[in-house]
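Below is one structure, written out as C-alpha cells; comments come after it.
Numbering (this note's numbering), first residue to last: 88 to 336.
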C-alpha cells in the first residue's frame, strides 16, 4: 500500500457503577474483564474490534458522569464537566477459543485519558492475554486526535518512524491467532451526538480511520491519518482526506 504522503507508524489511540471512579494512580494494571460488558466470542466475522463489543462498551461507558457533556455552541468539551474514560481492549484464551474483552475504565480529563498497557484478566494467565488497543469516549463526538493516534499497546516500535504496514498484535509470547486467523491491532472511540445517535470509530496502526455505518451495516474507511508530530499532539491529525469528514446518517 502506498500513501499519498509520508505516514508515521501508529503502532498498535485514551469498576462497576456503584464503586468510585478508578484513576490511573489507583492500580498498577488494568483489570478485566469489565463485568458490565459481555465478552464477544470468536469468530465474529472480523479480524479486528467487532461492532458488537463497541456497542456494549458504549452502553456502559456513556452512562458515566460527564461522558456526553459537550458545549452545544462551541462543540468543545467543557473543562471540569466533560470527561473521557478509557478501557484497554484485549483478546484472551487460546487459538481454539478466543474472546474479545475490555477492562474496567480509567477516568481521564475533559480531553484525554491514559490507558494501561498491562491487563490482569480474572480467567486467563498473562500468556493467554493479548492487548489489542484501547477504547475511549469523545464527549463531543470528534475524530481521533493526534494524541489518540500516537498511543498503542506496544513499545516494540517507535510511533514516529515511517513504516509500511504493521497491524498484527505483537507476540505474547506468540502473536494472537484464532485458529488460522491472525488478530489485528486497532483502537476505537465511541460517542453520542446531541440527537442521541451513536458514533463508532476504529483506527489502525497503519492509519486507516473507519466509521461504522448504521445504514450500510459495515465499516467505512474515512481516510488514512497520522499524528502530526511529537510537538503537536494537541492538534488534529494529518489525513489523506482533509478535513476528515464523519458520516452523517
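The beta carbon of each residue, even a glycine, is placed where N, CA and C say it ideally should be.
Assuming contact is defined by CB atoms lying nearer than 9 Å, are residue i and residue j in contact in what I supplied?
i           : j           : result
residue 296 : residue 331 : yes
residue 155 : residue 336 : no
residue 127 : residue 140 : yes
residue 205 : residue 259 : no
residue 323 : residue 174 : no
residue 287 : residue 193 : no
residue 157 : residue 163 : yes
residue 179 : residue 208 : yes
residue 202 : residue 116 : no
residue 176 : residue 261 : no
residue 328 : residue 316 : no
Indicate whether at least one CB of chain D lies closer than 9 Å to the CB of residue i.
i           : result
residue 223 : Among the chains of the structure shown, chain D does not appear; only one protein chain is present.
Would you report the Cα separation of residue i and residue j, rounded to the nearest angstrom?
i           : j           : result
residue 270 : residue 187 : 10 Å
residue 181 : residue 277 : 28 Å
residue 215 : residue 131 : 19 Å
residue 257 : residue 184 : 19 Å
residue 267 : residue 161 : 48 Å
residue 119 : residue 282 : 32 Å
residue 125 : residue 143 : 7 Å
residue 305 : residue 275 : 15 Å
residue 236 : residue 314 : 6 Å
residue 196 : residue 169 : 7 Å
residue 229 : residue 146 : 18 Å
residue 240 : residue 191 : 16 Å
residue 300 : residue 289 : 12 Å
residue 213 : residue 153 : 33 Å
residue 298 : residue 253 : 20 Å
residue 238 : residue 220 : 9 Å
DSSP three-state call for residue i: helix, strand or coil?
i           : result
residue 142 : helix
residue 246 : Only weak support is given to the placement of residue 246: the predicted model assigns it a pLDDT of 48, under 50, and the value that follows is read from those uncertain coordinates. Residue state, collapsed to three classes: coil.
residue 214 : helix
residue 148 : helix
residue 311 : strand
residue 121 : coil
residue 205 : coil
residue 271 : strand
Where do the ends of the alpha helix (DSSP H) carrying residue i lie?
i           : result
residue 235 : 233 to 237
Start and end of the beta strand (DSSP E) containing residue i?
i           : result
residue 132 : First-last for residue 132: undefined, no H or E at that position.
residue 284 : Element bounds for residue 284: n/a, residue is neither H nor E.
residue 188 : 184 to 189
residue 256 : Element bounds for residue 256: n/a, residue is neither H nor E.
residue 298 : 295 to 300
residue 225 : Careful: residue 225 lies outside any beta strand (DSSP E) and carries neither H nor E.
residue 277 : 274 to 279
residue 179 : 172 to 181
So which of the options has the shortest CA-CA distance to residue i?
i           : options               : result
residue 293 : 282, 306 and 312      : 312
residue 234 : 200, 226 and 266      : 200
residue 121 : 171, 307, 222 and 168 : 222
residue 226 : 171, 310, 167 and 136 : 171
residue 166 : 285, 198 and 136      : 198
residue 224 : 264, 285 and 333      : 285
residue 123 : 189, 136 and 265      : 189
residue 302 : 334, 326 and 325      : 334
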